[in-house]
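Line order of the protein sequences matches chains A, B, C and D. Numbering-wise (the numbering used here), the first sequence opens with residue 1 and increments by one. Numbering-wise (the numbering used here), the second sequence opens with residue 314 and increments by one. Numbering-wise (the numbering used here), the third sequence opens with residue 627 and increments by one. Numbering-wise (the numbering used here), the fourth sequence opens with residue 940 and increments by one.
4 protein chains.
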Amino acid sequence: MPIHKRKFNPEDDLGFGTQPVLKNQPLIRQDGSINVKRRGLPFYNTANNYHKLITMSWGKFWLLVLSSYLIINTLFAFIYLFIGVENLNGAEGTNTYQHFWDAFFFSAQTISTVGYGHISPRGMAANSVAALESMMGLLAFALATGLLYGRFSRPTAKIVYSSNMLVAPYKENAKGLMFRLANLRRNTLIDLQMEIIFSYNENVDGKLVRRFFPLELERKRVSILTLSWTVVHPLDENSPLKDMTYEDLKGTQASVAILLKAFDDTFSQTVHSRTSYKCDDIIWDAKFTPAFDRDEDGTIVLNLHKIGDFVRL
Amino acid sequence: MPIHKRKFNPEDDLGFGTQPVLKNQPLIRQDGSINVKRRGLPFYNTANNYHKLITMSWGKFWLLVLSSYLIINTLFAFIYLFIGVENLNGAEGTNTYQHFWDAFFFSAQTISTVGYGHISPRGMAANSVAALESMMGLLAFALATGLLYGRFSRPTAKIVYSSNMLVAPYKENAKGLMFRLANLRRNTLIDLQMEIIFSYNENVDGKLVRRFFPLELERKRVSILTLSWTVVHPLDENSPLKDMTYEDLKGTQASVAILLKAFDDTFSQTVHSRTSYKCDDIIWDAKFTPAFDRDEDGTIVLNLHKIGDFVRL
Amino acid sequence: MPIHKRKFNPEDDLGFGTQPVLKNQPLIRQDGSINVKRRGLPFYNTANNYHKLITMSWGKFWLLVLSSYLIINTLFAFIYLFIGVENLNGAEGTNTYQHFWDAFFFSAQTISTVGYGHISPRGMAANSVAALESMMGLLAFALATGLLYGRFSRPTAKIVYSSNMLVAPYKENAKGLMFRLANLRRNTLIDLQMEIIFSYNENVDGKLVRRFFPLELERKRVSILTLSWTVVHPLDENSPLKDMTYEDLKGTQASVAILLKAFDDTFSQTVHSRTSYKCDDIIWDAKFTPAFDRDEDGTIVLNLHKIGDFVRL
Amino acid sequence: MPIHKRKFNPEDDLGFGTQPVLKNQPLIRQDGSINVKRRGLPFYNTANNYHKLITMSWGKFWLLVLSSYLIINTLFAFIYLFIGVENLNGAEGTNTYQHFWDAFFFSAQTISTVGYGHISPRGMAANSVAALESMMGLLAFALATGLLYGRFSRPTAKIVYSSNMLVAPYKENAKGLMFRLANLRRNTLIDLQMEIIFSYNENVDGKLVRRFFPLELERKRVSILTLSWTVVHPLDENSPLKDMTYEDLKGTQASVAILLKAFDDTFSQTVHSRTSYKCDDIIWDAKFTPAFDRDEDGTIVLNLHKIGDFVRL
C-alpha cells in the first residue's frame, strides 16, 4: 500500500488531530456531524442555547413553547393568588381551586395581551404585576416567534449522496474513485466546491496515529448544479490510493470525508454539506447508471431515488 | 465548425451532465430558472415549504394568508360550539347560525388578541381553548409577518439583458460576440463577475451528447456597475466559435448560458442573475447603439429601454 | 502629461462606460453615490420599494408611518359609518361628526389590537370588517416594525476620509499620492481592501471619451483598522501620474474614485464605502500631521477631527 | 536580536499605525478588543446606538428596557392627568395620587395593547393620545424584541486559546512558536484561517516607533475544526524571531496579535476571533500535553479545560 510512502509532518494537522480511529468511530459521521465529545463547555451560554433552540426537533420545540406558556401562567397565577383574588375584578370563583383558575386564565389573557377585560386588575399590586406581565409577554412571544422564524429560514443544504463510492473505469485504461450527488432542495445551488479528505491509522513506532490528506479531484468546482454531479478522484500515479485493496483499507480503518460548500442562489447564503464513506462503502469494478429520464416534451427528469444506482462490470 | 476539434473528457461535467438538448429545451431558461424536473423530492420538508412561501406570487400569498385565517377561525368556532355557546359570556345569538357567528367572531377577536371583551370565555373548557388560541395566534401571525418581511427583503438582482447577442466589430479587424446588461434595481451593484458557458449537442458514435465549455471574456469582472456593461467574447484564434455559422449552431441546438454574480452594496448581500441565449438570438454584423442621453446639467441619463438597441452594419 | 501614452482598448470598460465628464459631474459623488439618472425603471417593484423604505430619512419614514396610520383609520371609519354606527355597541356620539370619531377611534383600537371593548362590533358586517381589520393591523404593524428594525440593523460603513489628497514625500527622494481614512463607527473593521480608479477625459479624433484605470497602491489591504490608514499611490516610473500638474488634471476633468471594502467584525457582514476626489482636492507638497494623542495611562487616542490635517512643506 | 535587520517602509502600515506601545498597552487586548480611544465620534448615530444596544451586557439591556417602560408610562400618565382623569371611563381614584396610578396603569394597558377595557378613553383628546400610544407601543415593543432577537442570534465565535505560547520542539532539531485553540461553542467551525502579527517598539533616531509584521505559519488554514488546532510558527532561518530572548521581547514591549477567521457551519456566517500574547505569556522549552481522552466506546473526548496544559522539557 503506497500510502505509507507519503511523508507526514506530525504538526501538519488539518484540524483533525492525530488520534487514531478505534472501534469504527470516524471523526465525521455519515450524516456529516462530528463524532467528538467535548467536556468543559460553559453551562450557561447565550449562543449555545440559541444553537440548541434552533437545531432541536420540531416536536421538542413545540413542547418547550407550550410547557413554558403553562409554567409561566402558573407562576403568575400564584402571584395573583398571593396578592388576593379580590384584586381581580370580575373573578367569580368561590373556592381556592376556582380562584386559581381565575388567576391562571387572567394571566393567560394578560400575557397574550388579549385582555378581554371581564377580569381586570384592581389596586397597585395587581395592576403592577399585570403591567409587568403584559410587557414580558410581548417580549417572550416575540422571542418565541423569532426562534420560530429562525428555524424556518435557517440556511441549510440537503444533498443526497450515492450510498457507495465506486472504483469505476475512467478515461482510457484508467480508473477513478467516484461518488455521485444531487440536490434534495428546491433551491438552486451554484458555485459548488468539493474537498475530499482521506484518513487512515498508521503505526508509528508501535503507536497508532491517524493520518489525513486531501485527494486530488478531476474537477473541484462546478458553476451550477442542474442535475447530478459525479465527483472523480483519478487513481493514477499521483494517487496514493492507486493500488489499494479492501484489506489495506479495512486494516487501517480508512475513511473518506466529503466536505461540500455551495451558494444557495434563492436565499443568497453559503451552505455546506458533509458526509463520509467507510471502506465497506467502496465497490470495486462498478459504474453508475444514468439517473435521468426524458419527459414527452424533451425535458430532462432527474430521478433522485436513482442517484446511488450502479452496475457491477 | 471548429468546436468539435476540442477534446472533451466524458467525466468532466460542469454540473450540467451530458444529456443532449432535444426539442429546444435548454437547461437554463431565458428567465434564469433551471429546466429540469426532479422526481423523488421529499413531500414534507421545512426548507422546501419555506422556499415555496417565499417565492410564490403575491396574489397567492395573500390568498393563503386570508384563507388560513378563515379556516382556523372556522375550526375554533366549531370547537366553541362543541363546548357550548353558553360558555361565551355576552354572545347574544339565538339560533345555531347566530351561535356559529358569535363563536367565529369571538375566535377572530381571540386569535388577533384584539379581545374587546363584550364576548368573553367562561369555565375551564372555553377558557383553556381561548388561552391556547391566543398563544397560537401570536405565533402564527408572527410567522406570517416573518414571511411577509422575508418576501420584501429577499436579496435579488434584477438585471435587464439585451435581447440579442451580436457578432460585432471589435478592436482592429477583429470581431467579438457581445451582449449588454444594466441594473433594473435602485441598489448599487459592485464587484460583478461574469461566467459564460457555451453548450451544444455532439454526435459521439451515433449517440447525442451535450458538451459544455466556458467562453473566454475580454473582461470577466467590473468593480462597479454605474451604467451598462457590454460583455465581450473575442472571436479570435483561441475561440472555438471563431468561424461558427448560424447553421452550425442551429444543427447542434447550441445555446449560451450567462451566470452573473454581484454584490448588492445597499444590503451587503451577494446576488446572482442568470439568462440564456439560443442561436436564434444571435445577430451577425451588428453593433449596439448608445443607451445614454445627457441631461441639461451634464448628468448622464441611462435609458433602460434602449439596452438591447443595435444597428446592422 | 504621460497619461495619454497608456494604450486603451475601447471595449475595456470598468463598468463606467466611456461617456466624458462634462460640467463637473463625476460618476461617483463625494458621498459615494452614483451620479447617473436612469429612465425606464419599473414603477411598481417590491425590491425598489423596500429599498426606498429602508434608505429614506428617519423624518420621512416616521411621517409615512404616521400618515398611513391616520389614512387607514379614516378609511375604516368611513366603512363603519357606511355599515352604520348603531352596529358599534357603546358608541355614544349623537351627530355625524361624533359618529365619525367614534368609528375612527374604534378602528384605531381594532387595528392596534388594543381592543378596550367599551366600543365593540355588533352584527355580521361590523364584526367581519373588525376581524379583517385586526388581521391586517397585525400584518401591517409587523411590516412597519420589520422595516424599523431593518433600518436600524442595515450593515453600513461610516468612514471619515481626509478632505484632500496630498502629493507628499514618500521613501527616499520619491513622492506619493496619499489620503487618510478612519472608522466613524464603534464596530471593528477587518480585512479592508482598497481600490482606486483614476479617470479623465481624452480627445479621441475630436470626440471626448472618458478613460478609467486603476492606480497601483503601496498596500491594497490591511488586516484590521485599529487607528487610521494612510493609503499611498507611489508616483514612480510605473505611475501614469508621475509628472501630472494641476493644469493637466483640470483640463481633463480628472477625478479619483475610492472603493473600499471591509468586513464588519461585530455583525459579520461585508460593508463598503466609496468617495471621490476632484483635482481641486489635491494638494501638492504637503504631508499629513499625526491624528493621535496619548492618554495619561499610555493608551492611544485617535482624534477623528484631525484625520484631514496636513502641513504644507 | 535579528528583528531589526528587517527593512521597514515607514508608510507600510498594516492598519496599526506606528505609535509605540507604552506602559504595557497593546493595541489588541487579550479579549480581542481594540485598545484605542476615539475622540470626535458623532454623538447621535443610528448605527452606533444599535451597536451599543446589541453588545451591552444582558443586565444593562433588561434595565434599559424596564426603565424605558416605566418612564414612557409615567410620561403618558402625566399627559392623561393633564387631559383630565374624568376622560378615563372607569378610573375610580379619588385623589391625585390615585389618579396618577389610574392613568399610569391605563397607559401600560394601552402601550402593551392588552386593553382590558375596565378603564377606557373618552373624548377626542384622550382617545387621540391612546390611539397614538398604542401605535407607538407596537413599534417600540417590536423594536425591543428585534434587539432581543438580534442579541440572541448575533454571529460570534467563542474560541478558547491556550494561556501561553510555547517555544517547543518541532520536526527534527528545530523549534516552533506554538499555541493551541479549540471551539467553545456547539456550532461547527470550518474553513479556519489564521493570521499572526508580531509587533515591537523600535528606536528610530531616538524616536520610538511601533513595527508590525506577519509571522509565517506551518499551516495557515484548516478545513474543519473537529478537535483542537495547534498553530505553529517555525523558528527557522526565515523567522525574524529565530534567536529571540525574553529580554529582547521585554525591552521592546513585543506582543503577538492573533486574528482568526472561520465559517460557522450551523448559521452560515463568517465569524472572527482575536486575542494577543505578551512576551510574559511565552514559555521557552515546553510542549503541550494531549487534551484528549477516550470514551469506553472509542469516541474521542476533548477536554476544553486542558487546552493550555503543557510540560516543561
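Positions of the beta carbon are idealized from the N, C-alpha and C atoms, including for glycine.
- Counted as a single uninterrupted DSSP element, the alpha helix (DSSP H) harbouring SER68 of chain A occupies residues 58 to 83.
- Per the DSSP secondary-structure output, VAL1148 of chain D pairs in a beta bridge with D:GLU1141.
- For GLY40 of chain A, same chain residues with a beta-carbon under 7 Å away, outside a window of 5 residues either side, do not exist.
- Inclusion of ALA131 of chain A and ALA1047 of chain D in the CB contact set at 8 Å is warranted, their separation being smaller than that value.
- Nearest CB-CB separation between GLY430 of chain B and chain D: below the 8 Å threshold.
- Here the alpha carbons of LYS976 of chain D and GLY832 of chain C stand approximately 55 Å from one another.
- For MET761 of chain C, the enclosing alpha helix (DSSP H) starts and ends at 749 to 779.
- Selection B:TYR363, B:ALA481 and B:LEU497 evaluated against HIS618 of chain B yields B:LEU497 as nearest (Cα-Cα).
- Between the beta-carbon of THR782 of chain C and that of VAL897 of chain C there is about 6 Å, and that keeps the pair under the 8 Å contact cut.
- In this chain, the beta strand (DSSP E) harbouring TYR903 of chain C covers 895 to 904.
- Boundaries around LYS663 of chain C are those of the beta strand (DSSP E), 662 to 665, since no alpha helix (DSSP H) includes it.
- The C-beta of ASN127 of chain A has 16 or more other C-beta atoms within 10 Å across all chains shown, which makes the residue buried.
- If you look at HIS1172 of chain D, you'll find it in the beta strand (DSSP E) that goes 1167 to 1173.
- Using beta-carbon distances, ILE28 of chain A does not count as an interface residue toward chain B, since no partner is under 8 Å.
- With a 10 Å radius around the Cβ and a threshold of 16 neighbouring Cβ atoms, GLU1072 of chain D comes out buried.
- When CB distances to chain C are screened at a threshold of 7 Å, the residues of the stretch 432 to 454 of chain B falling below it are PHE454, in chain order.
- It is roughly 30 Å from the alpha-carbon of SER1101 of chain D to the alpha-carbon of LYS991 of chain D.
- Following the DSSP letters along the chain, one finds ASP248 of chain A inside the alpha helix (DSSP H) bounded by residues 246 to 251.
- Not a single CB atom of chain B sits nearer than 8 Å to the CB of GLY924 of chain C.
- ALA254 of chain A and ILE850 of chain C have their C-alpha atoms some 42 Å from each other.
- Comparing alpha-carbon positions, the option among D:TYR1139, D:THR1084, D:LEU1087 and D:MET1074 lying closest to SER694 of chain C turns out to be D:MET1074.
- Here LEU1105 of chain D is bridged, per DSSP, to D:MET1117 and D:ILE1222.
- Between VAL1195 of chain D and PHE1137 of chain D, the C-beta gap is smaller than 8 Å, which places the two residues in contact.
- Annotation: LEU456 of chain B to SER153 of chain A spans about 11 Å, alpha carbon to alpha carbon.
- Among the CB atoms of chain D, one or more fall inside 8 Å of the CB of ILE34 of chain A.
- Collapsing the DSSP output to three states places ALA883 of chain C in a strand.
- Residues of chain C with a Cβ closer than 8 Å to the Cβ of LEU1198 of chain D are, in chain order, ILE816, SER849 and ILE850.
- Distance from the CA atom of ARG312 of chain A to the CA atom of PHE288 of chain A, rounded to whole angstroms, is 9 Å.
- By the Cβ criterion, the stretch 1204 to 1223 of chain D is in contact with the stretch 1101 to 1115 of chain D, since at least three pairs of Cβ atoms, one from each stretch, lie closer than 8 Å.
- Only residues of its own chain outside the window of five on either side were considered, and among them ALA125 and ALA126 have a CB closer than 6 Å to the CB of ILE83 of chain A, listed in chain order.
- Of all alpha-carbon atoms in D:VAL1143, D:GLY971 and D:ASN1034, the one lying nearest the alpha-carbon of THR892 of chain C is that of D:GLY971.
- The beta carbon of SER1212 of chain D sits closer than 6 Å to the beta carbons of ALA1096, ILE1098 and LEU1199 from its chain, once the five residues preceding and following it are set aside; these are given in chain order.
- Cβ-Cβ separation between ASN699 of chain C and ILE745 of chain C: approximately 14 Å, too far for a contact (criterion under 8 Å).
- Looking at the DSSP output, PRO840 of chain C sits in a beta bridge with C:ILE823.
- By alpha-carbon distance to ARG777 of chain C, the top candidate from D:ASP1236, D:THR1033 and D:ASN987 is D:ASN987.
- Scanning its chain for C-beta atoms nearer than 8 Å, with the 5 sequence neighbours on each side dropped, one finds around THR426 of chain B the residues SER447, GLY450 and LEU451, in chain order.
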